[in-house]
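Novice: First the structure, which I've put down as structure tokens, then a few questions once you've had a look.
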Amino acid sequence: MRPVFFLSDFGLQDPYVGVVKAVLAQKAPGIGVVDLAHDLPPQDLRRAAYALFEAVPYLPEGSVILAVVDPGVGTARRAVAALGRRAYVGPDNGLFTLAWLLDPPRRAYALDRVKPPRPQSLDPLPGWRPGAFTFHGRDRFAPAAAHLALGLPPEALGEEVPVESLLRLPLALTPGPEGEILTFDRFGNAITTLLQAPLGGWVEVAGRRVPIRRTFGEVEVGEGVAYLGSAGLLEIALNRGSAREAWGLEEGMPVRLTGP
């Protein structure tokens, strides 16, 4: 059985993550589920897309990636499964944009034949029936992910759709010299769309000129520093502080590489 890697913005205060994992276990007993992240900023597709980009290189081929960050749940947006070297299950809203730069899908299916799970071993409660329009993580994505984890044919999930029709966010990763702030991590470090961080150079952002170094320790506490982050993208930080808060940085702000 293939492992499932699960990412969402559900948080851990509510039972949503546990319920999705319960459905996975119901549909595929013994399934292995690894949590990638569940405390992403709610409905932040750019942050979620980056998280998947960072994780995918380390997920085994053949695995199933279940991702649910879904501002449009219950609307006309499609639910899809896309198959590359890994399987991707989630809303068709651009969530997988950056992951697919590393692992392009070769086939895709609309999840229009997926049957929602049935509540287990309950006494009847007159007038009660679980809602089925706002929890697609439970009702559509989890059953589809379990189906693929079992190695069953994707055609059973729904009609095949053109890979070219899958929605992508308007994001481009570039060697430079110009790019933008893609998102932020929990420390307030700005993650950019730049694919290189030439040592000895500088990056300009929000009227500041920040030196590019290998690590935080190469600048004093309270000073700015840029470096090549763990996902291979240039990041901009404030040593032991939040660059986002201190400098008023925002997603989409332009950044530019300059020489020494």
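If you're matching positions, the sequence shown starts at 1 in UniProt numbering and goes up one per residue. Built from N, CA and C at the ideal position, the CB exists for glycine as well.
Which value, in whole angstroms, describes the spacing of the CA atoms of tryptophan 128 and proline 119?
Specialist: Between tryptophan 128 and proline 119, the C-alpha separation is close to 11 Å.
Novice: I'd like the span of the beta strand (DSSP E) that includes proline 254, first residue to last.
Specialist: For proline 254, the enclosing beta strand (DSSP E) begins and ends at 254-258.
Novice: Apart from the five residues just before and just after leucine 36, which ones in its own chain have a Cβ nearer than 6 Å to its Cβ?
Specialist: For leucine 36, where only same-chain residues beyond five positions count, the Cβ hits under 6 Å are Phe5, Leu7 and Ala55.
Novice: I want to know whether the stretch 235-248 touches the stretch 195-207 - three or more CB-CB distances under 8 Å.
Specialist: yes
Novice: Between the stretch 65-84 and the stretch 105-119, do at least 3 Cβ pairs fall closer than 8 Å?
Specialist: Three or more Cβ pairs drawn from the stretch 65-84 and the stretch 105-119 lie within less than 8 Å of each other, which places the two stretches in contact.
Novice: Using only alpha-carbon positions, find the residue among Thr192, Ile191, Phe187 and Pro211 that is nearest to proline 198.
Specialist: Pro211
Novice: Which one of Leu167, Leu150, Leu228 and Ala226 has the shortest CA to CA distance from alanine 25?
Specialist: Leu150
Novice: Decide if tyrosine 58 is buried, meaning its Cβ has at least 16 other Cβ atoms within 10 Å, or exposed.
Specialist: exposed
Novice: In chain order, what residues of the same chain lie with their CB nearer than 6 Å to the CB of glycine 200, ignoring the 5 residues before and after it?
Specialist: Pro260
Novice: List in chain order: all unbroken beta strand (DSSP E) runs of 3+ residues lying wholly within the stretch 77-148.
Specialist: 79-83, 87-91 and 107-110
Novice: Is alanine 156 buried or exposed, if buried means 16 or more other CB atoms sit within 10 Å of its CB?
Specialist: Counting Cβ neighbours within 10 Å, alanine 156 comes out exposed, since fewer than 16 surround it.
Novice: Decide if the stretch 168-178 is in contact with the stretch 213-230; the criterion is three or more beta carbon pairs, one per stretch, under 8 Å apart.
Specialist: no
Novice: Looking only at its own chain, which residues have a Cβ that is under 6 Å from the Cβ of residue 264, when we skip the five neighbours before and after it?
Specialist: Nothing in the structure corresponds to residue 264, since the chain is present only between 1 and 260.
Novice: Name the residue from Arg256, Tyr16 and Met1 whose alpha carbon lies nearest to the alpha carbon of threonine 134.
Specialist: Tyr16
Novice: Reducing DSSP to helix, strand and coil, say where valine 33 ends up.
Specialist: strand
Novice: Alpha carbon to alpha carbon, how far is glycine 72 from glycine 217?
Specialist: 42 Å
Novice: Could you check the C-alpha separation between lysine 27 and histidine 147 for me, to the nearest Å?
Specialist: 7 Å
Novice: Using only alpha-carbon positions, find the residue among Pro91, Glu61, Pro29 and Pro177 that is nearest to alanine 49.
Specialist: Pro91
Novice: Taking the C-alpha atoms as reference points, what is the distance between alanine 142 and alanine 246?
Specialist: 40 Å
Novice: Give me the DSSP bridge partner(s) of tryptophan 202.
Specialist: Pro211 and Thr258
Novice: Where does the unbroken alpha helix (DSSP H) through glycine 18 begin, and where does it stop?
Specialist: Looking at the DSSP string, the run of the alpha helix (DSSP H) that includes glycine 18 is 16-27.
Novice: Leaving out five residues on either side along the sequence, give the residues of the same chain with a beta carbon under 7 Å from the beta carbon of threonine 97.
Specialist: Ala49, Arg168, Leu169 and Leu171
Novice: Could you check the C-alpha separation between serine 63 and tyrosine 88 for me, to the nearest Å?
Specialist: 9 Å
Novice: If you follow the alpha helix (DSSP H) that leucine 52 is part of, which residue opens it and which one closes it?
Specialist: 45-55
Novice: Leaving out five residues before and five after glutamine 43 in sequence, what residues of the same chain have Cβ atoms less than 7 Å from its Cβ?
Specialist: Residues of the same chain with a CB within less than 7 Å of the CB of glutamine 43, apart from the 5 flanking positions on each side, are Asp9, Val69 and Pro71 in chain order.
Novice: Using a 10 Å radius around the Cβ and a threshold of 16 neighbouring Cβ atoms, would you call aspartate 14 buried or exposed?
Specialist: exposed
Novice: Going by CA-CA distance only, name the one from Gly74, Asp139, Leu12 and Gln196 that's closest to glycine 176.
Specialist: Gln196
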